[in-house]
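Heads up: the structure comes next, in C-alpha cells.
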Amino acid sequence: MRRPRPRVLLPLLSTIANDSLTSTRSTTQKKLDTVDKRLEEYAGREEKMFELLRAKYEQPAPAQVVTLPDPDGEGPCCFLDISIGGKPVGRLEFLLFESKVPRTAK
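Numbers 1204 to 1309, taken from the working numbering, label the letters of the sequence shown in order.
Here it is, written out as C-alpha cells:
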C-alpha cells in the first residue's frame, strides 16, 4: 500500500484543524451566551447568584481539627542524618518517650 503524498495530506489536515477550531469557537460562544443570560436573569440579585454558585462549587469545611497534646516524658534520643546527592543537609532528632511507648524506645 502506498503512503499518501504530503500535498494530499496537507489540505486534509487543514480541514480537520479548521473544523476543530470552528467547533471550539462555537462551544465557547454558547458558554459565553449562557453566562450572559444568567447575568441578565440575576441583574440586581447578584448576591443570590453568588450564593447559588458557592452552594454548588464551594468545598465543605473540613471536619473538626484535632490538636494533639504537647509531648511530655523522658527517654532515649535517636537521630536520622539526611543527605542529598551524597552531601549532608541536616539531621532529624527524635526523643522517644519511654513512658508512653516503651517497646519503641528499646
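Using N, Cα and C, we set each Cβ at its ideal position, and we do this for glycine too. These numbers were taken from a predicted model, which means no experiment stands behind them.
Here the stretch 1248-1267 makes no contact with the stretch 1287-1296; the two share fewer than three CB pairs at distances below 8 Å. In the three-state reduction of the DSSP assignment, D1222 falls in the helix class, which pools H, G and I.
Nearest neighbour of F1297 by Cα position, chosen from P1279, P1291, P1305 and K1303, turns out to be P1279. For P1305 and R1257, the gap between their C-alpha atoms comes out near 50 Å.
Looking only at E1254, G1276 and L1283, the smallest Cα-Cα distance to V1292 is reached by L1283. K1259 sits in a helix when the DSSP states are folded into three classes. Taking the Cα positions, E1301 is about 55 Å away from F1253.
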